[in-house]
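For the sequence shown, the positions run 3 to 307 when this note's numbering is used.
For every residue, glycine included, the Cβ atom is placed at its ideal position computed from N, Cα and C.
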Amino acid sequence: MKDISKYQGIIPAFYACYDENGNVSVERTKELTRYFIKKGVKGVYVCGSSGECIYQSKEERKLTLEAVMSEAKGKLTVIAHVACNNTADSMELAAHAESLGVDAIASIPPIYFHLPEHAIAQYWNDISSAAPNTDFVIYNIPQLAGVALTMPLFKEMRKNPRVVAVKNSSMPVQDIQMFKMEGGPDFVVFNGPDEQFISGRAIGADGGIGGTYAVMPELLLKADELLKAGELQKACEVQYAIDAIIYAMCACKGNLYAVMKEILRIRENLDIGGVRKPLPNLFPEDMEQVAKCAKMIDEAIAKFC
Numbered sequence: 003m004k005d006i007s008k009y010q011g012i013i014p015a016f017y018a019c020y021d022e023n024g025n026v027s028v029e030r031t032k033e034l035t036r037y038f039i040k041k042g043v044k045g046v047y048v049c050g051s052s053g054e055c056i057y058q059s060k061e062e063r064k065l066t067l068e069a070v071m072s073e074a075k076g077k078l079t080v081i082a083h084v085a086c087n088n089t090a091d092s093m094e095l096a097a098h099a100e101s102l103g104v105d106a107i108a109s110i111p112p113i114y115f116h117l118p119e120h121a122i123a124q125y126w127n128d129i130s131s132a133a134p135n136t137d138f139v140i141y142n143i144p145q146l147a148g149v150a151l152t153m154p155l156f157k158e159m160r161k162n163p164r165v166v167a168v169k170n171s172s173m174p175v176q177d178i179q180m181f182k183m184e185g186g187p188d189f190v191v192f193n194g195p196d197e198q199f200i201s202g203r204a205i206g207a208d209g210g211i212g213g214t215y216a217v218m219p220e221l222l223l224k225a226d227e228l229l230k231a232g233e234l235q236k237a238c239e240v241q242y243a244i245d246a247i248i249y250a251m252c253a254c255k256g257n258l259y260a261v262m263k264e265i266l267r268i269r270e271n272l273d274i275g276g277v278r279k280p281l282p283n284l285f286p287e288d289m290e291q292v293a294k295c296a297k298m299i300d301e302a303i304a305k306f307c
């Protein structure tokens with residue numbers, strides 16, 4: 003059996019870090035990486051949705067990953083999302099990620115055009131071929147990508163020995179069980195939707211990758227700890243607190259990532275900038291709600307951790 007321990011645990015999705023002019027900041031990216039090391043999470047998922055990847059150039063994504071790896075190598079599991087909306091750019095990012103020594107690369111399916119499954123498989127296998135010594139993670143997020151990872155497509159991708167995991171962000175929790183059963187005990191399935199972390203772990207997910215983990219890693223770590231200890235009711239109580247915080251953050255007019263970056267500024271004195279247009283930054287009327295969310299996190303950590 004493969005050793006999958008480096009993928010088991012809490013893996014926050016890494017946020018894009020910008021300077022005052024909206025450019026990718028190497029120093030702020032390094033600072034956020036050090037924050038995750040300090041918090042004791044298992045790893046980071048870099049240049050995915052939370053990293054605003056579809057609004058960044060290849061060069062910016064390379065710069066971000068280089069900055070992360072300069073701090074994280076040997077201290078965090080690093081999964082680099084390398085998908086672009088064409089194969090050549092994706093392969094370039096995959097080769098770059100492998101050259102830096104990441105643990106795995108990941109990819110959503112191609113978006114906009116609805117491609118047949120054999121073309122999606124070819125896209126993923128082409129990307130994987132550019133990083134022949136690196137694990138590959140399929141990112142299943144049908145509600146945004148517009149295409150779901152079906153069982154026939156999954157079985158086809160399992161022919162590639164580098165395919166070791168699925169980051170499953172579909173909402174039906176039984177999808178996790180389906181991929182885990184088909185993949186076998188040494189195949190990794192990550193829970194994607196943060197609101198169902200405990201449900202996903204209980205049904206078989208090896209760990210979680212989530213966009214809201216960064217503002218409250220203590221709560222995710224505690225929920226996972228309680229679940230592993232068999233204290234399901236207490237784990238659910240923490241999950242309910244996490245969900246209440248997520249719902250409160252989503253009540254703002256500004257983009258969720260802008261909200262969470264402001265919470266990091268409030269709670270951790272960590273300034274990583276705003277979000278890139280067309281994502282909307284915070285509005286003045288959001289600030290009271292953001293402060294409320296930060297307080298909710300403080301109270302939940304005091305109660306459960």
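From the DSSP output, in three-state form, read off V84 for me.
-> Position 82 of the sequence shown, counting from 1, holds the residue named residue 84. In this structure, V84 counts as coil in the three-state DSSP scheme.
Simplified DSSP state of V149, which is helix, strand or coil = The count along the sequence shown starts at 1 and reaches residue 149 at position 147. Coil at V149, not helix or strand.
Evaluate F199 with the Cβ neighbour count: other Cβ atoms within 10 Å of its Cβ, from every protein chain shown; 16 or more gives buried, anything less gives exposed.
-> Position 197 of the sequence shown, counting from 1, holds the residue named residue 199. It counts as buried.
What did DSSP end up calling F38 once you bin it into helix, strand or coil?
-> Translated into the one-based positions of the sequence shown, residue 38 becomes position 36. F38: helix per DSSP, three-state reduction.
With 16 other CB atoms within 10 Å as the buried threshold, where does E264 fall?
-> Your numbering for residue 264 matches position 262 in the sequence shown. With 16 or more Cβ atoms within 10 Å of its Cβ, E264 is classed as buried.
Who does A108 pair with in a DSSP beta bridge?
-> By one-based count along the sequence shown, residue 108 stands at place 106. Its beta-bridge partners are H83, V139.
Can we count S109 as close to the ligand GTP, meaning its CB is less than 7 Å from some heavy atom?
-> The ligand content of the structure shown is nil, which means the ligand GTP is not present either.
Where K169 sits in the DSSP three-state scheme | Here the question's residue 169 lines up with position 167 in the sequence shown. Correct three-state label for K169: strand.
Nearest to F16 by CA position, among H83, V149, H98, is which residue?
-> As a working note, residue 16 is residue 14 in the sequence shown. Checking every option, the nearest Cα to that of F16 belongs to H83.
Determine the DSSP secondary structure at Y17, reduced to helix, strand or coil.
-> Locating residue 17 in the sequence shown gives position 15, where the first residue counts as 1. DSSP places Y17 in coil when its eight states are reduced to three.
Determine the extent of the beta strand (DSSP E) in which F306 is found, giving its start and end residues.
-> As a first step, residue 306 must be located in the sequence shown, where it is residue number 304. Where F306 is concerned, there is no enclosing beta strand (DSSP E), although the alpha helix (DSSP H) it sits in stretches over 289–306.
Alpha carbon to alpha carbon, how far is T79 from S130?
-> Looking up residue 79 in the sequence shown gives position 77. Looking up residue 130 in the sequence shown gives position 128. So the two alpha carbons sit approximately 18 Å from each other.
Under three-state DSSP, which class holds F189?
-> Here residue 189 refers to the residue found at position 187 of the sequence shown. F189 falls in the coil class under three-state DSSP.
Which whole runs of the beta strand (DSSP E) in the region 183–256 are 3 residues long or more, in chain order?
-> 190–193, 209–212
For Y57, does the three-state DSSP call read helix, strand or coil?
-> As a first step, residue 57 must be located in the sequence shown, where it is residue number 55. In this structure, Y57 counts as helix in the three-state DSSP scheme.
Mind checking which residues open and close the alpha helix (DSSP H) that includes Y259?
-> Here residue 259 refers to the residue found at position 257 of the sequence shown. Note, Y259: alpha helix (DSSP H), 258–270.
Between P219 and V43, is the Cβ-Cβ spacing less than 8 Å?
-> Looking up residue 219 in the sequence shown gives position 217. Looking up residue 43 in the sequence shown gives position 41. For P219 and V43, yes; Cβs fall inside 8 Å.
Selection from A216, I303, Q241 that minimises the alpha carbon distance to I39 | Within the sequence shown, numbered from 1, the residue matching residue 39 stands at position 37. Nearest of A216, I303, Q241 to I39, Cα basis: A216.
In three-state terms, what does DSSP make of I12?
-> On the sequence shown, position 10 is the one that residue 12 refers to. Strand.
Just checking my contact of F156 with N170 at CB under 8 Å: how many whole Å lie between their CB atoms?
-> Position 154 of the sequence shown, counting from 1, holds the residue named residue 156. Position 168 of the sequence shown, counting from 1, holds the residue named residue 170. In fact, because the Cβ distance is near 10 Å, the residues do not count as touching under 8 Å.
What number of angstroms, rounded off, separates the C-alpha of A231 from the C-alpha of V261?
-> In the sequence shown, the residue the question calls residue 231 occupies position 229. In the sequence shown, the residue the question calls residue 261 occupies position 259. One C-alpha to the other measures close to 33 Å.
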